[in-house]
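In the numbering used here, the protein residues as written are 1 to 435.
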């Protein structure tokens with residue numbers, strides 16, 4: 001459920017209330033017995049050997065774990081807790097068992113008492129949920145016990161806080177934005193929307209994020225949207241209305257510093273999209289139709305994408321001119337040198353990524369409308385220009401021929417295209433391949 005968030009933050013502390021986070025104990029057996037193999041403080045309950053790097057703290061083979069924390073809510077109301085589990089687990093609140101999933105011979109699960117179960121994609125991971133009424137300022141003890149099931153180890157605690165707290169957080173954020181010269185809002189998706197074993201129903205941001213973005217822009221038009229994502233997003237309204245967008249992908253531990261350098265103008269960005277951003281999932285064929293030539297990727301997409309493959313902006317501008325190839329006719333064993341002049345016509349030093357695309361103009365088979373065959377990054381001072389060359393091996397023009405049951409290079413004419421993205425072709429020329 002996209003409304004649930006990881007149970008973490010100022011309301012979750014160690015059992016003694018001394019520090020933020022949860023106490024984690026890992027046992028080298030499935031019975032939570034004996035001295036823990038490891039004890040440490042973790043930010044939240046989020047065990048996931050499927051999507052996270054190996055953790056040397058977790059015992060190899062059979063193991064169990066217990067997480068303990070104190071919960072002191074800042075708002076009274078009904079709180080919904082959920083455990084996403086692959087293995088066996090129990091959820092306790094003030095010593096009371098709220099939900100459990102008992103492991104049976106490491107091959108399946110058996111319900112031990114009544115609770116909600118929501119199966120995720122893949123069928124192995126399930127969600128246990130429970131609802132608890134909590135009073136603001138009162139401290140409760142929460143614990144989760146987990147038993148490894150013999151495959152992937154997953155145990156993630158999430159919660160859904162009362163709407164009053166969410167509303168207050170939203171209103172507080174809007175008030176800060178209203179008083180600021182510039183607002184920076186982070187939007188995106190994560191493991192709940194995209195990971196191995198999960199299919200996305202659409203390419204949109206979660207609806208609450210889009211709604212918040214509209215309200216934020218209404219109080220401060222000088223807003224920058226920073227996207228955190230690992231796959232394409234259909235952000236049509238944001239593209240039309242927000243003055244600046246940065247796609248940070250999943251930026252890693254130095255992502256904050258990198259973003260600060262870009263947003264404050266200390267670094268001139270030159271990233272380019274390695275995938276197509278579609279305007280809507282409707283631009284794609286049915287998910288179970290894997291044939292690329294039926295409209296998938298920049299090579300076969302017939303309609304206009306939101307952002308094309310190879311797209312990316314800079315704080316400066318570049319001009320292309322003088323496209324030449326060193327031979328008009330070439331054999332399969334030869335290499336063609338494609339050269340051109342690139343000039344920085346803007347007011348900032350910067351990098352440009354020059355992209356070389358090729359299209360077969362007279363093929364007997366269905367071929368891509370264009371296909372990337374080379375690229376080169378060039379750094380230019382403002383006002384400077386330079387000659388650039390990209391080598392194109394004729395053998396790289398080969399495609400798989402069903403008739404010949406092998407890769408072949410078709411003789412004939414090829415259009416050589418150079419540009420700043422797959423949709424921003426600046427220069428063209430023609431090459432003839434001969435046998």
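Virtual Cβ for every residue (Gly too), placed ideally from N, Cα, C.
Under the three-pair Cβ rule at 8 Å, the region 307-322 does not count as touching the region 389-398. Residue 344: member of the beta strand (DSSP E) spanning 335-344, first to last residue. Exposure of residue 335 is indicated by the presence of fewer than 16 other C-beta atoms within 10 angstroms of its C-beta. Using a 10 angstroms sphere on the CB of residue 234, the tally of other CB atoms reaches 16 or more, which defines it as buried.
One alpha carbon belongs to residue 47, the other to residue 356, and they sit about 44 Å apart.
The shortest C-alpha to C-alpha distance from residue 412 to any of 397, 202 and 173 is the one to 397. With contacts defined by Cβ atoms closer than 8 Å, residue 381 and residue 349 form a contacting pair. Under the criterion of beta carbons closer than 8 Å, residue 220 and residue 177 qualify as touching, at roughly 5 Å. Residue 375 and residue 9 have their alpha carbons spaced roughly 45 Å apart.
Within the model, the alpha-carbon separation for residue 257 versus residue 379 is close to 22 Å.
Taken through DSSP and simplified to helix, strand or coil, residue 273 comes out as coil. When the alpha-carbon of residue 22 is set against those of 135, 198, 144 and 360, the nearest one is in 144. Residue 77 and residue 308 have their alpha carbons spaced roughly 46 Å apart.
Contact annotation: residue 27 and residue 63 have beta-carbon atoms nearer than 8 Å. By the CB criterion at 8 Å, residue 146 and residue 70 fall outside the cutoff.
In this structure, residue 246 and residue 262 form a Cβ contact; the two beta carbons are roughly 6 Å apart against a cut-off of 8 Å. When only Cα atoms are considered, residue 331 and residue 433 end up about 6 Å apart. In this structure, the beta-carbon distance from residue 306 to residue 277 falls below 8 Å.
Residue 159 is bridged by DSSP to 5 and 81. When the alpha-carbon of residue 343 is set against those of 420, 269 and 218, the nearest one is in 420. Scanning 367, 30, 86 and 209 for the CA closest to the CA of residue 60 turns up 30. When DSSP states are grouped into helix, strand and coil, residue 293 belongs to the helix group.
Distance check between residue 384 and each of 347, 37, 353 and 414 places 347 closest, using alpha-carbon atoms only. Remark: C-beta atoms of residue 226 and residue 186 approach each other more closely than 8 Å.
Assignment of residue 250 by DSSP, reduced to helix, strand and coil, places it in the coil class. Residue 182 places its beta carbon less than 8 Å from that of residue 222.
When the Cα atoms are used, residue 196 and residue 51 turn out to be separated by approximately 8 Å.
Across the set 302, 298, 316 and 304, the C-alpha of 298 shows the shortest separation from the C-alpha of residue 310.
Judged by DSSP secondary structure, residue 202 falls outside any alpha helix (DSSP H); it is assigned neither H nor E. In the same chain as residue 24, and ignoring 5 residues on each side of it, the C-beta atoms closer than 6 Å to its own belong to 40, 42 and 67, in chain order.
Here residue 58 carries a coil assignment [DSSP, helix/strand/coil]. Counting along the chain, no beta strand (DSSP E) covers residue 210; the unbroken alpha helix (DSSP H) around it starts and ends at 207-219.
Per DSSP, reduced to three states, the secondary structure at residue 278 is coil, with no helix or strand assignment. Judged by DSSP secondary structure, residue 332 falls outside any alpha helix (DSSP H); it is assigned neither H nor E. Residue 99 counts as buried, since at least 16 other C-beta atoms from the protein chains shown sit within 10 angstroms of its C-beta. DSSP places residue 262 in the uninterrupted alpha helix (DSSP H) bounded by 255-263.
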